[in-house]
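Residue numbers (my numbering): 98 to 447.
A short worksheet on the structure shown next.
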Amino acid sequence: MILVVNAGSSSVKVALFDATLTRRATGEVTEIGGKGLLKTGTDRSPIRATDHASALAALIIALDTASHALTAAAHRIVHGGVRLTAPARVTPDLIAQIAACNTLAPLHNPHNLAGIAAIADALPDLPQCVSFDTAFHATNPVIATTYALPAQETAKGIRRYGFHGLSYQGLVQSFGAALPDRLLAFHLGNGASLCAIKAGKSVTSSMGYSPLDGLVMGTRTGQIDGMAVLRLARDHGIDGAGDILNRHSGLRGLGGTSDMAQLLQTDSDAARFAVDHFCYWAARQAGSAIVAMGGLDAVAFTGGIGENAGEIRSRIMDHLAFLGKVPVHVIAADEEKQIARDALTLLAQH
């Protein structure tokens, strides 16, 4: 069994997969450090988890992992930087390399590392593997990843990376031999992005140096002029500007809520505008991705909104109707399954 771990800032999600990549169990601890909740299947119970280690310890007991003969733990790492572009076995050197990317993902990587440390403490003999959310986009050409900045600035790692890579990799896997040559993929959820996939490889992504760039999202602005960011920083300070851009913008800033289902059901000018804005800019940036692929053979939607909001899919495709009739696919997002697949591949290699 593979124990997949996704450690966030205040929560830990886990899933158990067998050798056939069948999900056998799931669990989650929310509100780490506060009045937490332990979720396993349909069961819910309060829990006091002071840190990731205690949260994972509770999940290991709740899922009765001892009876499942664990073969490895596999973790999602948000940012691998320029060098970490493939799944890998955890070693002290790898942990140091991931930590070196903390400045690129300060809200994510330290918590991902906390998950690795917690498993090492609880199950010291269990092999651990990692998969990087940025890795799928390592095939982007340099012209697509480079900002027009002075060389001394780009040398600091300021470039486009792209995210949601595990979702896109899993989407490619789901097509198998039927994968379209030039596929425009939308991952639409609270975080939203698109990816141009040619011959199974990412050639460009809407997200850039951080997950803030690109499409309008639940609480993030998406693409915004750098001078506007500087204005926000002048008015609200660096931290205040970051809070506005990441937590109070996007659908929430336009329509009052980050919940797309609620916006679609709300009869107000603000709600309608938020939905229109979301779809318009998704299509606008799709045009750029289609140029990067040199054409379009099919479109795929994944993520919570992409899978469940047929009206949003239709509105985006209406904007792209000038391209002619294009096959549209709806694919269930399963990043955890992709992480488990990566781990099984690594174990087989070793």
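Yeah, the Cβ is synthetic: ideal placement off N, Cα and C, and Gly gets one too.
Thinking C-beta only, is residue j closer than 7 Å to residue i?
i	j	result
Ala159	Thr123	no
Leu280	Ala368	no
Ala202	Val175	yes
Val448	Phe375	This structure does not reach residue 448, given that the chain is present from 98 up to 447, and the question cannot be answered.
Phe283	Gly403	yes
Ala169	Ile99	yes
Ile413	Ala386	no
Thr236	Lys298	yes
Ala83	Leu351	A question about residue 83 goes unanswered here, because the residues of the chain that appear run from 98 up to 447.
Gly288	Pro308	yes
Val227	His172	yes
Val187	Gln249	no
Ile157	Ala219	yes
Thr318	Ser355	no
Using only the alpha-carbon positions, how far apart do residue i and residue j sit?
i	j	result
Phe229	Gly130	26 Å
Ser411	Leu191	44 Å
Pro207	Ala197	10 Å
Gly347	Ala383	18 Å
Arg328	Leu118	48 Å
Ala71	Ala325	Within the shown structure, residues of the chain are numbered from 98 to 447, placing residue 71 beyond reach of any answer.
Thr127	Gly133	5 Å
Leu444	Gln320	40 Å
Glu125	Ala330	36 Å
Arg438	Leu420	35 Å
Ser302	Asp310	10 Å
Leu417	Ser365	26 Å
Pro424	Asp278	12 Å
His234	Gly305	10 Å
Asp322	Arg256	16 Å
Ser108	His149	8 Å
Gly262	Ala389	17 Å
Asp373	Thr162	46 Å
Ser290	Ile195	24 Å
Phe272	Asp115	21 Å
Phe398	Leu135	31 Å
Thr442	Glu433	14 Å
Pro247	Leu276	39 Å
Which first and last residues belong to the beta strand (DSSP E) in which residue i is found?
i	result
Leu280	Arg279 to Leu285
Gln225	Gln225 to Phe229
Lys298	Lys298 to Ser302
Asn103	Ile99 to Ala104
Arg141	Asp140 to Ile144
Ala397	Ala395 to Thr399
Ile350	For the sequence presented, residue 350 should be read as Gly rather than Ile. It is not in any beta strand (DSSP E) - Gly350 instead sits in the alpha helix (DSSP H) that spans Gly347 to Gly352.
Ile294	Ala289 to Lys295
Could you tell me if residue i is buried or exposed, where buried requires 16 or more neighbouring beta carbons within 10 angstroms of its beta carbon?
i	result
Gly334	exposed
Gln446	exposed
Tyr244	exposed
Gln362	exposed
Pro143	exposed
Gly105	buried
Gln435	buried
Gly392	exposed
Ala232	buried
Ala430	buried
Ile240	exposed
His345	exposed
Ala440	buried
Gln359	exposed
Thr242	buried
Give the range of the alpha helix (DSSP H) segment to which residue i is assigned.
i	result
Lys434	Glu432 to Gln446
Asp340	Gly323 to Arg344
Phe251	According to the sequence shown, residue 251 is Thr rather than Phe. Start and end: Ala248 to Thr251.
Gly262	Gly262 to Phe272
Phe375	Asp366 to Met390
Ser151	His149 to Ala159
Gly212	Asn206 to Ala219
Thr242	Val239 to Thr242
Ala416	Checking the sequence, you will find His at residue 416 rather than Ala. Taken as a continuous stretch (DSSP letters only), the alpha helix (DSSP H) holding His416 covers Gly407 to His416.
Does any residue of chain B have a CB that is nearer than 7 Å to the CB of residue i?
i	result
Thr123	The structure shown contains no chain B; it is built from a single protein chain.
Does the Cβ of residue i lie closer than 6 Å to at least one heavy atom of the ligand GDP?
i	result
Ala171	The ligand GDP is absent from the structure shown, which contains no ligand whatsoever.
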